[in-house]
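What follows is one structure encoded as structure tokens, with my remarks underneath.
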Amino acid sequence: TIATNSLISACEKGGAWEKALQLIGVMVQGMLTLDRITFNAAISACETGGEWGKALWLLAVMVQSKVQIDTITCNATISAFGRAGEWEKALSLLDFATQSAVELDTITCGDAISACGKGGPWEKALQLLRAMAQRSFKSNAIIIGAVISACDEGGEWEKSLQLLNVMVQSEVELDAQIFSSAITACQKGREWEAALQLLRAMSQRQVGMDMITFSVGMGACEKSGEWERALSLFSSMMESSVQVNAIIFNSAIDACKR
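Under this note's numbering, read the sequence shown as residues 71 to 328, first letter to last.
Here is the structure:
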């Protein structure tokens, strides 16, 4: 078992999930014991290889075999679900882990929040973020950015701005993607002033603006009838080294029509 586990662990690092499953088949045929190390390595290989369905199957076999799941099991499987946008499965596993008294860590909560950031409920994302704070788990830009994305999807632009303000006041490093998510929320809420405020904050913090940032900023102004400000952003974009595509040009033309 030890030798085979070592081979499966090697598959984990390379994402060779097919080879990992083949080795498990060999172990079953040889009547070797499948332990937690075996399952965790195979699930991690599936996670790295983007095979969330196979990871779920291994988890089910693991539970049926009465092999106790642990933090590593949950982290790898939830991450696999999150990458595929299967937020419901990620949250279900998180609930199961909690009921099974599995010790959760920053990675567990962060992966679950990231899953919520891909179409999941913003309420759950915020709840998990608060739970992290209560457990003194340290969050980072990726985790909070995922919460902002969840709030954005749910049309909760005010909460997106609140989270961003928390990040600004903290030592968390912000990037263009996080600002873009918050600006997108402002666009949906027709809050052009808040969008421009975020763009100014990006400039003050020397966060590089990309095409997406300018696009959502222009969209926020355009939707609110602030065509002059939309064109001003377009001019700033033209003066910068940011690449302009047809969608941006069309937004500028639409702003002129208003």
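Just so it is clear, CB atoms sit at the ideal spot from N, CA and C, and this is done for glycine as well.
Item, Value
"Where residue 185 and residue 148 are concerned, what is the direct C-alpha to C-alpha distance, given to the nearest angstrom?", "8 Å"
"Following the continuous alpha helix (DSSP H) through residue 257, name the residue where it begins and the one where it ends.", "246-258"
"Relative to the alpha-carbon of residue 302, which residue among 311, 288, 314 and 312 has its alpha-carbon at the smallest distance?", "288"
"So residue 202 is in the alpha helix (DSSP H); what residue range does that whole segment cover?", "192-204"
"Please confirm whether residue 244 and residue 277 have their CB atoms less than 7 Å apart.", "yes"
"Can you give the Cα-Cα distance for residue 234 and residue 136, rounded to whole angstroms?", "43 Å"
"If we count the other Cβ atoms within 10 Å of its Cβ and call it buried at 16 or more, is residue 172 buried or exposed?", "buried"
"Between the beta-carbon of residue 281 and the beta-carbon of residue 313, is there less than 7 Å?", "yes"
"Alpha carbon to alpha carbon, what distance is there between residue 91 and residue 98?", "11 Å"
"Tell me the DSSP secondary structure of residue 139 in three-state form.", "coil"
"Can you tell which of 115, 285 and 207 has the C-alpha that lies nearest to the C-alpha of residue 250?", "285"
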